[in-house]
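Asker: In terms of the numbering used here, the sequence shown opens at residue 1116 and continues consecutively.
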Amino acid sequence: MNRLHTYAPHVYYFFFFAAAASYSPFLGFWFREAGLTNQQIGFLYAVGPLVALFVQPVWGLLCDKHGIEKAVLLLCSLLTPAIAFGYSTGGGFALYAATAVALAIFNSPMVPLADAIAIAHAEKHRQTYGAARVWGSIGFALIVSPIGMLYTHIGIQYMFTFYMAFMVVVFAITFVLKKGRVRKSASLRDVGKLLQNKPFAYFLLLVLLVACGNQSFSVFFSVYLGTTGGNVSEKIGWLTAVSALSELPFFVFATRLSERFGYRNMLALGAFAAALRLVIISFDPPMAVLLPSQMLQGITYALFYAAGVQCANDLCPEGWKTTAQTLFSMVYISMAVLIASNFGGWLIDQTGFPLMFRLAALLCLLGGIGFVATRRLGQKAGEAGSR
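1. With DSSP as the reference, label Ala-1149 as helix, strand or coil.
2. Below 7 Å CB to CB, which residues in the same chain sit around Leu-1354 once its five sequence neighbours on both sides are set aside?
3. Name the two residues that bound the continuous alpha helix (DSSP H) containing Asn-1380.
4. Does Val-1249 pass the burial test, meaning 16 or more other C-beta atoms within 10 Å, or should it be called exposed?
5. Quick one: Cα of Lys-1308 to Cα of Gly-1175, how far?
6. Relative to the C-alpha of Leu-1168, which residue among Leu-1462, Val-1487, Thr-1441, Ala-1135 is closest?
7. Roughly how many angstroms lie between the CA atoms of Leu-1478 and Leu-1393, to the nearest whole one?
8. Ignore the nearest five residues each way along the sequence and tell me which others in Phe-1315's own chain have a CB closer than 7 Å to its CB.
9. Any contact of the segment 1446 to 1463 with the segment 1367 to 1386, i.e. 3+ C-beta pairs under 8 Å?
10. Would Phe-1130 and Val-1284 be called neighbours here (beta carbons separated by less than 7 Å)?
11. Could you check what DSSP says for Arg-1241 in three-state terms: helix, strand or coil?
12. So, at 6 Å on beta carbons, what are the nonlocal neighbours of His-1125 in its own chain, with the 5 sequence-adjacent residues on each side left out?
13. Residues in its own chain within less than 7 Å of Gln-1272 by CB, not counting five upstream and five downstream?
14. From Gly-1328, Val-1166, Met-1264, pick the residue whose C-alpha is nearest to that of Leu-1218; which is it?
15. If I measure Cβ to Cβ from Pro-1364 and keep anything under 7 Å in the same chain, skipping five residues before and after, which residues do I get?
16. Would you tell me roughly how many angstroms separate the C-alpha atoms of Phe-1336 and Met-1264, rounded to the nearest one?
Take a look at the structure:
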């Protein structure tokens, strides 16, 4: 049991992202098979993030004030898969939209709260955040390809059942996680105070640029694959497995790389790699090109996200760690998906996939240039890993 406590975040991430692997890569294809347009799919992906923009800061502040990260994770791990079954009813666009709203309330805090717990745990046990988070990529990679092939034979509608089964395991593991730290003075004004911190505010702005590009890829990748023919579920499984496997070394060594070369340099590298991948897919490449290009995911997501988590942690004072992680997640996931899904869905319906992917690449390029340009600002502020 002591060993389980020591590596509780590792086990949590493994099963949480195994659950995600059984569900999230296939959801866009599910919507397409349900007869929704690209713009409707984009809207559904945008509804959740819009709600999350309002609820995520509240979750973060409540957890900072009362130290209830663990209780919130327990609640969310039960309600999220139950709510997701709303998609399986085939009840039409209105029911799908209502499901997306409810999911956003209880799903959006799970990753930033787990990240905040994992960082505190790593500091206490002389571990690194990346060493724990890499197990999420391992769980994702081990599940996504086999389950994609399974859905080809039994039907994609079973993804909701598998998702719930995995989340029951996540619920059980959450009991082993440590409780959060309490800061009684936490309030909504803390969000404004954090955003008045110029290095942190600039960091979030540049993250938003890159994330809009990255999320354009994430939201519409399975939709794009649906236009290529063949066994789409199997394609999604293999391509997503390759991308997840590529994350492993970068999550493991993200902290060392960031300490050696600086957070902003790693963030810039992730942004430039994302731009390259988006340009490649914009030319509708064959599988022989698309498959190896998925290996860029290790840089575009794992390295970028791990560096971002550590940067957000170091840029904020003690006691505001959960709020800072919530804001980072809100920008990287909620706000970026809101923008990318709405604009991307409309653009695809108007002009097709190539232009959308190229504009997304431009956003990543601009964000990468911004991270390079703000190195000196970070150095003057004196935060760790800014060089």
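All C-beta atoms in this analysis are idealised placements derived from N, C-alpha and C, irrespective of residue type, glycine included.
Answerer: So, from the data block:
1. coil
2. Leu-1405, Leu-1406, Gln-1409
3. 1378 to 1397
4. buried
5. 15 Å
6. Thr-1441
7. 10 Å
8. Leu-1309, Leu-1430, Cys-1431
9. no
10. yes
11. coil
12. Ala-1247, Trp-1250
13. Ser-1203
14. Val-1166
15. Gly-1413
16. 18 Å
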